[in-house]
Structures are given as structure tokens and as C-alpha cells.
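Protein chains in written order, with my numbering: chain D, 1 to 286; chain L, 287 to 555; chain F, 556 to 841. Just so you know, even glycine gets a beta-carbon here, dropped at the ideal spot from N, CA and C. None of these values were measured; they are calculated from a predicted model. What follows is a single structure, written as C-alpha cells, with notes after it.
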Amino acid sequence: MLRAIVEPGFWGSSAVQLAAAVGAVTAIVAGCVGVFTVIRSQSFAGEALGDLGAAGGSSAYLAGIPSLWGFLGVDVAAAGVMELIGIQRARGRDLATGIVLGAGFGLAALFLYLGTIYNNTTGVTVTVLFGSPFTLTPSVLPLVAAFGALALGAIVVLYRPLLLVSVSPELAAARRLPVRLIGALYLFAMALAVALSAVTIGAILSTALLVGPAATALQLTRRPGRAILVAGLIGVGAMWLGVLLAYDSYYWSSSHHGWPVTFFVVTLVLLAYIAARARPARGRAR
Amino acid sequence: MNPVFSGFMVNAWLVATIVAVVGGAVGFFVVLRGSAFVAHAIPNGSFAGAAAASLIGVNTILGLGVFSVGGALGIGLLGRRGRHDVATALTLVFMLGLGALFLSFSIEYAPEIYSLLFGEVLGISANQLAPTIGLAVASLAALAVLYRPLLLSSTLPDSGQARGVTPFAIEIAFLLLVALATTMTVPVVGTALIFSLMIGPPAAARSFTNRPCVAIALSVTIALVVVWAGIALSYQTNWPVGFFVGTASAAAYATGRAWRFARRRHGGH
Amino acid sequence: MTAELLATDPPATSAPALGVEDVTVQLGGRTVLDHVTFSVRAGEFTGLIGSNGAGKTTLFRVILGLQQPLAGHVGVGGGGRARGDIGYVPQKFLLDPDMPLRGRDLIGLGLDGHRLGIPLPSRARRARVEEMVEAVDASGFADARVGQLSGGEQQRILIAHALISRPSLLLLDEPLANLDLRSAQEVVQLLSRIASEQQIAVLISAHEMNPLLPVMDRIVYLADGRAASGPVEEVVRSEVLSKLYGHHVDVLRVHGRVIVVAGTGHDEHTVPELAADGPGAVEIVE
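The following block contains the structure:
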């Protein structure tokens, strides 16, 4: 029966193993960071950083620099600008994110245009925006591990103050916590996590793994620590199942055309969220 | 005659004007409702519809329309209870995932992504004009009809509800309005540009006035200035219009913030 | 079971502005409102007093038609419920400080905000808005950005917003909750004046009755979903409230202020069923 689900060569394929490994690491990092993203209602910032990173990555690629640095540089810069515009209310924050995104897209349009003139390459945006875990090279692993550890480390260090600041900024301020600073540090950690995901598995999956599993986990439990665990599990599960389905899809039609991993993972993440939402409302919070 | 105003450029000017008017007007409510994410998600997600349309061989606008409306409804239904930004994010990535799927079936579509993201204002053909104008008129008419309940529900939802204006119905109506404005503008100016126009000019406008009707008029005016400057500069330098619009919108927003800051310092309100 | 004290005025000939009859609501298996009956006449200032969770908000929702009762009936203006007949000032409202909306504009929305289309500027409309602005003493700040006003000022704008459609009933949900003492007193005086000058029935909910004592004509005291209504001196008595709560409570009067104190629990009376014709019973007279 296993053979019906798993097509031949799956376990032995190095591309699959790499995809599974990188996917798992990014899912865990994204799930951890994402719980705070959802609590703080900063999904837009997470998504914008993914898009901006992709634009930065493609520009860097055209300039001959490895994409990763483009992603990282742009994301950190964008996070800095968003923080400088510095509005604390959620609505104003989304507006600031939007402005930065709009300007960023404009710059990206310019760089891409200049790039296509000087380099005569087209279609860069697509590959960078969508990305595919199956096209990763093993050299990416150490970087993924390093940056992933960095982002996770930041969250671990900031955990308690970040939680208080996210849930009740007024209470945090009353306790003399540097609300703005913590918010900024969190934004940078998120920029790191997003850049990492976007460069390895694409901007779309980056957002999906950041928001989806965390939101699903928060529907299932109120405790942030547990939510982080559950988010990581859901993320890894969705990632691995997605990789499996994408691999299998090569064999579904005679044309041997595989469906992208992105599609499967995103759909699974969405289904998980809908399923968690569909549960009958609990009488009292745990 | 200055080539900027020559025959084929007239279309570009006309379309740009229409887009600025619709973007600036609808954008007033986007900013009022704090729906910047939605204004980004619906156009960006709808590109999957364009990809699907090119696969099946159907008119692009139809594909855009279906997916814009689908995205709007998805966001509205998913966000009905629970976090709104999560619903927007998940609906967006799902549509993008579908787009990735459709793209994988046909490689020829890839270069068009650039134009869908950033638009080809300068390459507008005459036969795109009519449907664009038609949809623009429809968008503005819808906005006019919804104006009062939309304003009431966006500012005092409980009071509105007590008078029979259901917040959920208004939310759906608003999302569909954004979808309509998007469908019309994405083929001509791209997703990034319409998004900038729906955010920057309205955000700037409200810094300069405290009356809603004046704010809308100002928002449209700023949008027009931004777009016209964008076209003129793009024509001169050959740089993409999206660059000028994106940065000009940000500049307008910054100006508005600076103005408010200065007034507060000098005891204004 | 509910109790309405013997009315000291002769029975009125016209229908009350608000009639709540035998309303029962169950939410999540709990009886939130239990056969609540009372009425409010035009020009009367009535306080709906009860602690948090006593059912005040649910009762308001039933009156507004947002919640269907399991049993019972609500009548506004003598007939059924006509939507435009109730002016409502919600408890929570968030007015964005950056919103381009003057107090004057918000008041205008109370007139026709629920109708489709664009408001056509007319002298009559402007005059009506100006009349409301003066009625709530808001001339000094009606042209300022409404989101930047103080809590008390916003409260007055919202009262004008609720009044402009000339309702027969004005509902205010905990209007004093976030106001300082002075603002609270001003609002109470304003509402009392409006009630008598414009012959509007005013129903205010609060968890603390003392600020309202100077102006309250009648009180509806809500405890655990059961209600007692009538003039203050007759309802706020130890015997009446004890029956309502189902255990002994003391009512103390200190310097003109009323304090309701729960009993020690030593003496456990079984509460006699409140019957229409038993000894010590209270009658419903309207």
C-alpha cells in the first residue's frame, strides 16, 4: 500500500532529501516566528518582506551577487524603514507596510528594467518569486541552518518580553519594557526568517508557512509555547506531505509534468486552518 | 507637437487618468478601513486568474475578474470570525499557489508576469480603452451608491448595525468593490501600481483635511498628479512607470506625515 | 421570575416608548435573561443597573433586534420595532485619530448614514446638524477631527449622532465607564436635560448606580438575569434586592450614596417563589 502513495525513487532521491531537510528547518523557524506574527497581526509585514526580498533577490542576481544577500539586505533594510515610520497601532502599521511595499516594488521595477537592459535576461522574477525546493543545492544547507538558528535564537532570547509586548503593550510599558525596541527586534528576526524561507522555498511558501500553521495552532491552543510546537509540527507535516505529493505528481500523467510543491503545501496549510476553524466554539478558554 | 502628447500616448494618458480617479476614490475607503493588505492581496492574487485564462485561451480580463471576486469572497468569508490579516494572507497565498500551478503547465506565460506586476501603461491599445472605461464607470457608480453606509459602518460599526447596516454585508461589498477596481486596472497598469495609488494618495490626503468629501477629492487629485508625473518622467527616461508611481506615492505619504507633525508642534490639531 | 413594584403614578393612557415583556434569553445553556419585564415612558430617565455579566448588553441587543429572545416581546414606540426609532450609543467605539471626519460629519451620518447614496448638501440638513451640535454643547469642537477629541467630547458627539434622527428611545451602553468624574456628571446632566426637554425615553446601562441617582426617574435592577423595576426608593431596598439575588443583601445609604452589600452567607433563607398572589408578593402593574 505504501507503494501506492509513494512513487518509486522517492526515498532515495537526493533532491527530495534536500527539499525535505530545508523545508523542515524553514517550517520550524517560520512556525516559531509566525506565532508572534499572528498574535501581533503583522501578517502583511511578513508577506511584504517576502515579496520585497524576492525583488531584492532578483535584482542582486542580475547584478551578479548571490540572491541570498539581496534577499537579506532588502529585507533588513525594509524592516528598518517600516520600523522608522514607526506607528504602533495595527492599522497604521499596515499602512506603513503598504507604503514601503509600493516603493519597494517601484525600485524593483527599476532594477529589473536596468537589469534586463544590461544583462538581457528575462523571467528572473518568476523563478525568484516562486522558487522551487527541488532546485536547491546542498551548499545552501549550512546557510539555512545558520540563519535559522539566528532567528530562533532571537525569539528564544526575547520570548517573555516579546510575549508581553505583543499581548498587552500598555502593560509592558507600565513595566518599563522598551516596547518599541522589542518590536523592532522582532521585526528584524521576522525579516531574517522570511528572507531565509523566501530564498530557499520561494516567497509564496514563505508567507504560507509563516502565517498558516501558526494561525491554525492558535485556533487549537491558547498557550503560546504549545502553539509554537504545534505550528512547527503542522508546518513540517505540510511541507513533507507537499514534497511527497509533488514528487508523486510526476507520475500522474503521461506527460510526466509535475505539479509544483508550492501549490500542494499552500493548499494543505489552508485546509488545516479551515479545519481548525470549523471546530465548534469552545465554551471557555483553557 | 510634443511627442509626449502624440496620438498613441493619448491612450496612455486617458487610461492613467481613469486609473488614478478610481484608485484615489476607492483608496479613500481602503485607508479608512485599514485594509492596505486587502488592496495588495486582491490584485496580486488575481494574477492567477490571468494565468488560468491564458491557459484556457479565454480573455485575460475574465480570468482576472473571476479570481478577484473569488479572492474578495475568500477573504470575506475566511475573515468573518477571527483574524482578518490571517484570512487575507492565506487567501492570497492560495491564489498564488494556484497561479504557480497554472504557470507550470505553460512556460510561455512567464515573461508576462513582469507586465502584470508592473503594467504596460505605455503600450495600451485602443480596444482596451472601452472595457476599461466601462468598468471604471461601474466602480465609481458602486462607490457612490455605497458611500453613506460604507462611511457609517467603517467609523461606527455598532451604530450602523443598530440601523440595519450589517458589518459583514458592508465588508463583502467593500471587498467586491476593490475587486472591481482591480480587475479594471491590473491589465493596464499592473498590480503594484494600483496598489500604490490606493494607499499613498489617500493616506496623504487625509493629513491635509478633516472633511471626508474633501479628502476623497484630494486623494484623487494627488493620484492624478502622481500618475501624470509618472508617465511624463517614464517617457523621458524610459524607466518604468511603476518606479515613479511607487516612489511618488511614498513621497506624498511622507509629506502628509510631515505636515501633520509640523502642525501638531505648532499647536494645531 | 421578575418583579415590578406597585407603580406610584396612575396608569398611563399612551403606550410606553419602550415595552419589554417577559423576555427570556438563553445563551450557551445559561439563562442570561429570565422573564424580564419593564417599560420606559417618553421623557423618563431610566437606569439599567447590574454588574458585568448580569445581562445588560444582552438586553440591549434584544431591544435593538440583534438577538432573538427565546420568549417574550419588545415593543418600541407603541408598535413593533421600527429601526429608526432607537438612538444607540455603543459602549465601545474606536475613532482613528487620523480619520478625516469631523464631529459634525459623524453627527450627520446619524441622520442618513444607513441610506444608500451620497448625502446631498442641503441647508435643512446643515441646520439640523447644527441644532444637534448645540443641543449637546459641542460647538467648540464640532469641526475638529473626531478621532482626536477627548473621551467625553466623543461621547457627546455620539449622543448627538444618536439623537439627530429624533428617536423615541435613546439607548446608551455604559456611557460613563471610561469617563472621569466630572465628565460623567456633565453627561448625566446633559442626558437628563435631553430626556425632559425633548420628551425622549432614555435608558442607560451602568454597573454603578450612584452617578445616576440625582437624575434617575426609574431604575431597572438586573441580577443574574432577573429584573426588578420601579422608582429608585422602592426597588433599591434590602428586601427587594435580596429576593432578586436569591440571597441576603444589605442596602446601605451613606451620605446620599447607595451601597449594595452581599450577605455573609450565614443565614440561608430559601427564597419564596415570587408569586402573583402570595404573601409579600409584588405585583406587576402597568
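Q) Which residues mark the beginning and the end of the alpha helix (DSSP H) in which D:E170 is found? A) P169 to A174
**Q.** Residue-level contact to chain F via CB, L:V431, 8 angstroms cutoff
**A.** yes
Q | Euclidean distance between Cα positions of F:V688 and F:I662 | A | 8 angstroms
Q: Evaluate contact between the segment 776–790 of chain F and the segment 586–594 of chain F, counting only Cβ atoms and requiring at least three cross-stretch pairs below 8 angstroms.
A: yes
Q: Mind listing the chain D neighbours of L:T533? Cutoff is C-beta to C-beta under 8 angstroms, in chain order.
A: A103, G106 and L107
Q. When Cβ atoms are compared, which residues of the segment 470–498 of chain L fall closer than 9 angstroms to chain D?
A. Those would be G476, T477, A478, L479, F481, S482, L483, M484, I485, G486 and A489, in chain order.
Q. Do the segment 616–623 of chain F and the segment 791–811 of chain F meet, that is, are 3 or more Cβ pairs less than 8 angstroms apart?
A. no
Q | Residues sharing a beta bridge with F:Y643, DSSP | A | F:L726
Q | Cβ separation of D:A246 and D:G235, assumed to be a contact under 8 angstroms, to the nearest whole Å | A | That pair is no contact at about 16 angstroms.
Q: Take L:N345 and list the residues in its own chain whose beta-carbon comes closer than 7 angstroms to its own, dropping the five residues that flank it on each side.
A: A339
Q: Using beta-carbon positions only, say whether D:Y61 and D:G70 come within less than 8 angstroms of one another.
A: yes
(Q) Here's the rule: buried if 16 or more other CB atoms are within 10 angstroms of the residue's CB, otherwise exposed. What is D:M239? (A) Taking every protein chain shown into account, the CB of D:M239 has 16 or more other CB atoms within 10 angstroms, so this residue is buried.
Q.
Is there a C-beta anywhere in chain D that falls below 8 angstroms from the one on L:W525?
A. Answer yes: the Cβ-Cβ gap between L:W525 and chain D drops below 8 angstroms somewhere.
Q) Should L:L437 be flagged as near chain F, meaning a C-beta pair shorter than 8 angstroms? A) yes
Q.
With a threshold of 7 angstroms (Cβ to nearest heavy atom), would L:H552 be considered close to the ligand ZN?
A. Ligands are entirely absent from the displayed structure, and the ligand ZN is therefore not among its contents.
**Q.** Cβ neighbours of F:S879 in the same chain (closer than 6 angstroms, five flanking residues each side left out)
**A.** Shown here, chain F extends from 556 to 841; a query on residue 879 of chain F therefore has no answer.
(Q) With a threshold of 8 angstroms between beta carbons, is D:V243 in contact with chain L? (A) no
Q) Which of helix, strand or coil does DSSP assign to L:A304? A) Looking at the sequence shown, residue 304 of chain L is not Ala but Ile. Helix.
Q. Mapping DSSP to helix, strand and coil, what is F:R596?
A. coil
Q. Grouping DSSP H, G and I as helix and E and B as strand, with all else coil, what is F:V837?
A. Note that F:V837 scores 39 on pLDDT, short of 50, meaning its location in the model is unreliable and no value can be drawn from it.
Q: Quick one: using the 10 Å Cβ neighbour count with 16 as the cut-off for buried, is F:D735 buried or exposed?
A: Label assigned to F:D735: exposed.
Q. According to DSSP, is D:L177 helix, strand or coil?
A. coil
Q: Any chance you could list the alpha helix (DSSP H) runs of at least 4 consecutive residues sitting entirely within the segment 429–474 of chain L, in chain order?
A: Annotation note: the segment 429–474 of chain L contains the following uninterrupted alpha helix (DSSP H) runs of length 4 or greater, listed N- to C-terminal: 443–448.
Q. Expressed to the nearest angstrom, what Euclidean distance is found between the alpha-carbon atoms of L:W299 and L:G331?
A. 27 angstroms
Q.
For D:G287 and L:A478, what's the separation of their Cα atoms in angstroms?
A. This structure gives no information on residue 287 of chain D, because the portion of chain D shown stretches from 1 to 286.
Q: In angstroms with no decimal places, state the Cα-to-Cα distance between L:V464 and D:G23.
A: 35 angstroms
(Q) Measuring straight from C-alpha to C-alpha, what distance separates D:S206 and D:F188? (A) Each residue's Cα considered, the two are about 15 angstroms apart.
Q | Close Cβ partners of D:L163 (< 7 angstroms) along its chain, the five nearest in sequence each way excluded | A | P224
Q | Between the CA atoms of L:P473 and D:E170 - distance to the nearest angstrom | A | 45 angstroms
**Q.** Inter-stretch contact at 8 angstroms, needing at least 3 Cβ pairs: the segment 530–539 of chain L / the segment 97–105 of chain D
**A.** yes
Q. Taking the alpha-carbon positions, what's the F:M771 to L:L432 distance?
A. 41 angstroms
(Q) Can you check which of these residues, F:E686, F:H628 and F:R657, is closest to F:T700 by C-alpha distance? (A) According to the sequence as given, residue 700 of chain F is Arg; it is not Thr. Nearest option by C-alpha distance: F:R657.
**Q.** C-beta atoms of D:A287 and L:V379 nearer than 8 angstroms
**A.** Within the shown structure, residues of chain D are numbered from 1 to 286, placing residue 287 of chain D beyond reach of any answer.
Q: Please list the partners that L:A448 has in chain F, where partner means a Cβ-to-Cβ separation under 7 angstroms.
A: L619, I641 and Y643
Q. Measuring CA to CA, which of D:V167, D:G153 and D:R175 is closest to D:A193?
A. Ranking D:V167, D:G153 and D:R175 by Cα distance to D:A193 puts D:G153 first.
Q) Is it buried or exposed for L:R550, if we count other Cβ within 10 angstroms and need 16 for buried? A) exposed
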